[in-house]
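Q: The structure under discussion is supplied below as structure tokens; questions concerning it will follow.
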Amino acid sequence: MRALTASLVGLCAAWLAFNLVALAYGESPAHLLVILYRGTWGTWYGVGQVIYKATPLILAGLAVSFAMRAGLFNVGVEGQAALSGLGAAATASWLLSAAQNGSHKLHFIAQFAPARWVFILATALTIGCAWAAIPGLLKVRYGAHEVVSTIVMNRIADALMGFALASGLALRGTVRTADVGVHLPRFDALGLSVFRGSAANVALFIALVTVGVVAVVQRRTVVGRELPLVASGPRACVAAGVPIKRRLVQAMLVSGAIASLIPLGAVFGFKGYYELGLGAGAGFTGIAVAILGAGHPLGLVAAAVVLATLEQGGLALNGRVPMEVMDVLKAVVIIVVAWASGALKRTLGSVPPAVAA
Amino acid sequence: MSVSITLTHVIAMAAPYGCAALGGVWSERSGVVNIALEGMLLVSAFASIAGQAATGSAWLGLAAGIGAAGAMGLMHAWLVERAGVADLLSGLGLNLFAMGMTRIGLSALYGSSSNSPSVAGFGLAIEPTVVLGIVAVVVTQWVLRKTVFGLHVRACGEAPNAARSCGVNVTRTRILAVTMGGAIVGIGGAALAFDLRQFQSGMTAGRGFVALALVVVSGWRPGRVAILALVFALLDWLQIAAQEKLGVFGFIVQTLPYVATLVGLAAVRPGRRSFAPKGLGQREDQTDPKLC
Numbered sequence: 000m001r002a003l004t005a006s007l008v009g010l011c012a013a014w015l016a017f018n019l020v021a022l023a024y025g026e027s028p029a030h031l032l033v034i035l036y037r038g039t040w041g042t043w044y045g046v047g048q049v050i051y052k053a054t055p056l057i058l059a060g061l062a063v064s065f066a067m068r069a070g071l072f073n074v075g076v077e078g079q080a081a082l083s084g085l086g087a088a089a090t091a092s093w094l095l096s097a098a099q100n101g102s103h104k105l106h107f108i109a110q111f112a113p114a115r116w117v118f119i120l121a122t123a124l125t126i127g128c129a130w131a132a133i134p135g136l137l138k139v140r141y142g143a144h145e146v147v148s149t150i151v152m153n154r155i156a157d158a159l160m161g162f163a164l165a166s167g168l169a170l171r172g173t174v175r176t177a178d179v180g181v182h183l184p185r186f187d188a189l190g191l192s193v194f195r196g197s198a199a200n201v202a203l204f205i206a207l208v209t210v211g212v213v214a215v216v217q218r219r220t221v222v223g224r225e226l227p228l229v230a231s232g233p234r235a236c237v238a239a240g241v242p243i244k245r246r247l248v249q250a251m252l253v254s255g256a257i258a259s260l261i262p263l264g265a266v267f268g269f270k271g272y273y274e275l276g277l278g279a280g281a282g283f284t285g286i287a288v289a290i291l292g293a294g295h296p297l298g299l300v301a302a303a304v305v306l307a308t309l310e311q312g313g314l315a316l317n318g319r320v321p322m323e324v325m326d327v328l329k330a331v332v333i334i335v336v337a338w339a340s341g342a343l344k345r346t347l348g349s350v351p352p353a354v355a356a
Numbered sequence: 000m001s002v003s004i005t006l007t008h009v010i011a012m013a014a015p016y017g018c019a020a021l022g023g024v025w026s027e028r029s030g031v032v033n034i035a036l037e038g039m040l041l042v043s044a045f046a047s048i049a050g051q052a053a054t055g056s057a058w059l060g061l062a063a064g065i066g067a068a069g070a071m072g073l074m075h076a077w078l079v080e081r082a083g084v085a086d087l088l089s090g091l092g093l094n095l096f097a098m099g100m101t102r103i104g105l106s107a108l109y110g111s112s113s114n115s116p117s118v119a120g121f122g123l124a125i126e127p128t129v130v131l132g133i134v135a136v137v138v139t140q141w142v143l144r145k146t147v148f149g150l151h152v153r154a155c156g157e158a159p160n161a162a163r164s165c166g167v168n169v170t171r172t173r174i175l176a177v178t179m180g181g182a183i184v185g186i187g188g189a190a191l192a193f194d195l196r197q198f199q200s201g202m203t204a205g206r207g208f209v210a211l212a213l214v215v216v217s218g219w220r221p222g223r224v225a226i227l228a229l230v231f232a233l234l235d236w237l238q239i240a241a242q243e244k245l246g247v248f249g250f251i252v253q254t255l256p257y258v259a260t261l262v263g264l265a266a267v268r269p270g271r272r273s274f275a276p277k278g279l280g281q282r283e284d285q286t287d288p289k290l291c
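Protein chains in written order, with numbering that gives the first Met the number 0: chain A, 0 to 356; chain B, 0 to 291.
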């Protein structure tokens, strides 16, 4: 309830800021709002684009939020997602060539799309987990703060991607991989022809199912139940017999696994290949989603939709006001929501964790 | 290329890292986590170029850069200390804000989405920004170690409750320290911008985040920050030099500075003398740092 009120205050602040920006650019706020509405929720195309943009944000928010339950701030979702996306696309295109080449060792298996999906997902998950595990292990073994190490890991991921693409994964003279061969159907291919032209695809359902699964894991498994305890400090854990180091690493592993699903929608549902910078920024926006969503599954989805609307709206408004205005609005939303939830906590008194969860 | 030119170049490259990390030391020594270093660097780089472009004076540009980053510091400190926003969130928001505002500024002032027009810079044999940066290291060391204000800053960082019980105004001390830190980050931003003689969108390219790591690796000490910034800049310079020769493997060399940072992070064990301020991220009225 408190989170909801805080989010509403945040939205009001964003609305005020939006008006100020509109006036600063000499546009009528009402007119801009009409354009914003038409570009997002006013047309089916707009709705589809918002869905397409919300899909990675839901997953990114979930990844950040899961680690946050253990008190870990995973700023490395960006790098984990990018590397997994490249890995998944490279595996897919490699399997595609195996399927087309009769004499290839894996020819028989690669002919079947479901078998290829298994390999693709396994690659993505492995890379995402591995890349997230490093900061986790550095933290529990050497006490390296995860905010700093995940940021550094992002930079290393950037360089590794450049290396991998330049050394053979990319088509000659480009920064994109070969075609992936398997696709996540778009909505219009499923018979929802109103979405024609928009990139909305079934990755949305992958994201929503993941949200559901994670919600169950958080409530019904030992690991999930013990994470908030880990966050509340080592003394509480020792008292309750929680293996704190193992739980911290597990939290990072799950977070990385979720992060590895982020690029699926863009790579397999929209582009059909991975390209340097595809879907960049989702990991960072995911931090905002996690904060706005306040750890609640529905909250995460709602926050992702709001931020996706801002992103898509920025594109719709571009030309009248710069697209970057939406970055500033996002900043306003984050800070005001953080302020409002803190202020509400102080005035209303804090709710016992069991009730809040 | 002669050795002295290389050395000057490396020092110029070290200035943004060093100044940003020094600002981080000010902020974190007072107990406020500051991940907004990146945003501060970006804003000050923009302000210093815009300042010179508008007034024609590089000195005024430098002042604008320092002022802009100082204002960001003030905003961060105010949000954290007075409005009760978690410091990581405030920093995150300010980074986004800086990214958006500098782009808006570029398009509003120069009608471009990528870069500003070139400015003359200082045109002196020795970059005043670098000199100022070195002065800032010495002054920071002296203020933190030898002055009453520095003692207050460190007390607020180690034990805010204890500091308050001794009559130190924790909120005010932290706001001053973070603002001061912001101003020093501003020197770095100006150094970065004047080195290229123009502002480019997103030109800080993660330097503020590297600075964050340097703060930790240095053990929150100004002298070591300066040395580490030089080491990092040297690795960075080697990386750029090597990239031209190594082709594809240049990308691997590119990771060198970052891998070194990770190793440094892991090597700084808690204990001995290199520990984090104990009250980092702590409010006056709470005992545990909390994320949200």
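All residues carry an ideal CB built from backbone N, CA and C; glycine is no exception.
Excluding the five sequence neighbours on either side, which residues of its own chain have a C-beta within less than 8 Å of the C-beta of G211(A), listed in chain order?
A: Once the five neighbours on either side are set aside, the close Cβ partners of G211(A) are P296.
Q: Could you name the residues of chain B that P321(A) contacts, counting a contact when the two beta carbons are closer than 7 Å?
A: The answer, in chain order, is R102, I103, S106.
Q: Mind checking W25(B): buried by the 16 CB within 10 Å criterion, or exposed?
A: W25(B) is buried by the Cβ-count criterion.
Q: Tell me which residue opens and which closes the alpha helix (DSSP H) that P28(A) is part of.
A: Unbroken alpha helix (DSSP H) run through P28(A): 28–38.
Q: In the DSSP output, which residue or residues are listed as bridge partners for E80(B)?
A: Partner(s): none; E80(B) has no beta bridge.
Q: Near K244(A), which residues of its chain fall below 6 Å by C-beta distance, leaving aside the five closest residues on each side in sequence?
A: If we look at K244(A) and ignore the five residues flanking it on each side, its Cβ neighbours are V139.
Q: Which two residues bound the contiguous alpha helix (DSSP H) that contains G198(B)?
A: The amino acid occupying residue 198(B) in the given sequence is Phe; Gly does not appear at that position. That residue, F198(B), is in no alpha helix (DSSP H); it is neither H nor E in DSSP.
Q: Classify T7(B) as helix, strand or coil using the three-state DSSP reduction.
A: Helix.
Q: For S217(B), count the other beta carbons within 10 Å of its own beta carbon; 16 or more makes it buried, fewer makes it exposed. Which is it?
A: Burial call: buried.
Q: Measure the C-alpha to C-alpha separation of K104(A) and G180(A) and round it to an integer number of angstroms.
A: Cα to Cα, K104(A) sits roughly 18 Å from G180(A).
Q: Going by DSSP, what residue range makes up the alpha helix (DSSP H) through N94(B)?
A: First-last of the alpha helix (DSSP H) with N94(B): 86–109.
Q: Give the residues from the segment 228–259 of chain B that approach chain A closer than 7 Å (Cβ to any Cβ), ordered along the chain.
A: For the segment 228–259 of chain B, which is checked against every Cβ of chain A, the residues closer than 7 Å are V247, F250, I251, Q253, T254, Y257, V258.
Q: Spatial neighbours of W116(A) within its chain, please: C-beta separation below 8 Å, excluding the five flanking residues on both sides.
A: Same-chain partners within the cutoff: V181.
Q: Quick check on T303(B): buried or exposed, where buried means 16 or more other Cβ atoms within 10 Å of its Cβ?
A: Look at the range of chain B in this structure, 0 to 291, and you will see that residue 303(B) is not part of it.
Q: Which partner residues of A169(A) appear in the DSSP bridge assignment?
A: Beta-bridge pairing links A169(A) to T176(A).
Q: Checking contacts by CB at 8 Å: is F208(B) closer than that to chain A?
A: Taking Cβ atoms only, chain A reaches closer than 8 Å to F208(B), which makes this a yes.
Q: Starting from the Cα of Q281(B), find the closest Cα among V138(B), A76(B), R196(B) and give me that residue.
A: Cα-wise, what sits closest to Q281(B) is A76(B).
Q: State yes or no: is the C-beta of V20(A) within less than 8 Å of the C-beta of M100(B)?
A: It is not a contact, given that the beta carbons lie outside the stated cut-off.
Q: Say whether chain B places a C-beta atom closer than 8 Å to the C-beta of A355(A).
A: Its pLDDT being 38, under 50, A355(A) is placed unreliably by the model, and the measurement read from it follows with that caveat. No, its Cβ sits nowhere closer than 8 Å to a Cβ of chain B.
Q: When you compare the CB of M202(B) with every CB in chain A, is at least one pair closer than 8 Å?
A: No, M202(B) does not count as interfacial toward chain A.
Q: For the segment 174–191 of chain B against the segment 27–47 of chain B, are there 3 or more C-beta pairs whose distance is under 8 Å?
A: Judged by Cβ distances under 8 Å, the segment 174–191 of chain B makes contact with the segment 27–47 of chain B, as three or more pairs qualify.
Q: Scan the segment 12–34 of chain B for residues whose Cβ lies nearer than 9 Å to a Cβ of chain A and list them as they occur along the chain.
A: Cβ contacts with chain A: V32, I34.
Q: What residues from chain A crowd round M98(B), counting only those whose CB sits closer than 8 Å?
A: Those are E323, D326, listed as they occur along chain A.
Q: If the cut is a Cβ gap below 7 Å, which residues of chain A does V215(B) touch?
A: Neighbours of V215(B) on chain A, chain order: H144, V147.
Q: Let me see if you follow: with CB-CB separation under 8 Å, is G156(B) close to chain A or not?
A: Output row for G156(B): interface = no.
Q: Within 10 Å of its beta-carbon, does F111(A) have 16 or more other beta-carbons around it, so buried, or fewer, so exposed?
A: Counting Cβ neighbours within 10 Å, F111(A) comes out exposed, since fewer than 16 surround it.
Q: Just to make sure I have the definition right: I need the residues of chain B whose C-beta is within less than 9 Å of the C-beta of S166(A). Which are they?
A: Per Cβ cutoff of 9 Å: V247, F248, F250.
Q: Using 8 Å as the limit for Cβ to Cβ distance, is R154(A) near chain B?
A: For R154(A), the answer is yes, since a Cβ of chain B falls inside 8 Å of its Cβ.
Q: Which residues in chain A have a C-beta closer than 7 Å to the C-beta of V84(B)? List them in chain order.
A: What V84(B) touches in chain A: I334, A337, W338, G341.
Q: Could I get the ranges of all uninterrupted beta strand (DSSP E) runs contained in the segment 207–287 of chain A, with 3 residues as the minimum, in chain order?
A: Complete beta strand (DSSP E) runs here, min 3: none at all.
Q: From L61(A), E77(A), Q311(A), L306(A), pick the residue whose C-alpha is nearest to that of I150(A); which is it?
A: The residue with the shortest Cα to Cα distance from I150(A) is E77(A).
Q: So with Cβ pairs under 8 Å, would you call G92(B) a contact of chain A?
A: With 8 Å as the cut-off, G92(B) counts as an interface residue toward chain A.
Q: If you follow the alpha helix (DSSP H) that W219(B) is part of, which residue opens it and which one closes it?
A: From DSSP, W219(B) is part of no alpha helix (DSSP H); its letter is neither H nor E.
Q: Got a sec? Which residues, its chain only, sit under 7 Å from T122(A) by beta carbon, not counting five neighbours each side?
A: G86, A87, T90.
Q: Closer than 7 Å by beta-carbon distance: list the chain B residues that pair up with F162(A), in chain order.
A: The answer, in chain order, is V247, F250, I251.
Q: Should the segment 299–313 of chain A be regarded as contacting the segment 70–88 of chain B, the criterion being three or more beta carbon pairs within less than 8 Å?
A: Cβ pair count under 8 Å is below three, so no.
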